[in-house]
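Numbering (our numbering), first residue to last: 60 to 209.
For each residue, glycine too, the CB sits at the ideal point set by N, CA and C.
Quick caveat, the model's predicted, so the values are computed rather than measured.
Notes follow the structure.
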């Protein structure tokens, strides 16, 4: 099974590009000393909405990779089992058959690791932008509290 690469997926690239663009805008505002203006206005809700909607789309990619991971894991187990039984039937010892099956399926095992790394990359992207969303959400609550109290 061919593992889909994240960077080859146009939808993923579009989502992460948009998230990075919003992050860049917030960083530029902060560097210009204008982030306080955004923090103290309803614009914070607009940034939060843009980020949150796109961040949550990353879950679809994580779920796809979980499916791929499950399929590959089952395929690997079935392939190893078949190789193991073949080797036993040829007269190899159980440990020899197991070693042979593991050696023959090293590439399959590496493919599973690639999928796991892609899932970790997705989780890292999610955590990165989710942290920004949490900061904005916190500031939005402060703004609303100040407005009600003030």
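If the criterion is Cβ atoms closer than 8 Å, does the pair residue 85 and residue 188 meet it?
no
State the DSSP-derived secondary structure class of residue 138, mapped to helix, strand or coil.
helix
Endpoints, alpha helix (DSSP H) assigned at residue 83
69 to 90
Can you tell me the Cα-Cα spacing of residue 153 and residue 134, whole angstroms?
21 Å
Are residue 184 and residue 75 close, meaning C-beta to C-beta below 8 Å?
Going by C-beta atoms, residue 184 is nearer than 8 Å to residue 75.
Assigned secondary structure, residue 61 (DSSP; H/G/I helix, E/B strand, else coil):
coil
Residue 139 versus 174, 119, 89, 155, residue with shortest Cα-Cα distance
155
Once you ignore the five residues that flank residue 120 on each side, which residues in its own chain have a CB closer than 8 Å to its CB?
So the list reads 65, 68, 71, 181, once near-sequence residues are dropped.
Considering only C-alpha positions, which residue in the set 128, 90, 145 is nearest to residue 169?
128
Where does residue 150 fall in DSSP's three states?
coil
Report the three-state DSSP secondary structure of residue 158 (helix, strand or coil).
helix
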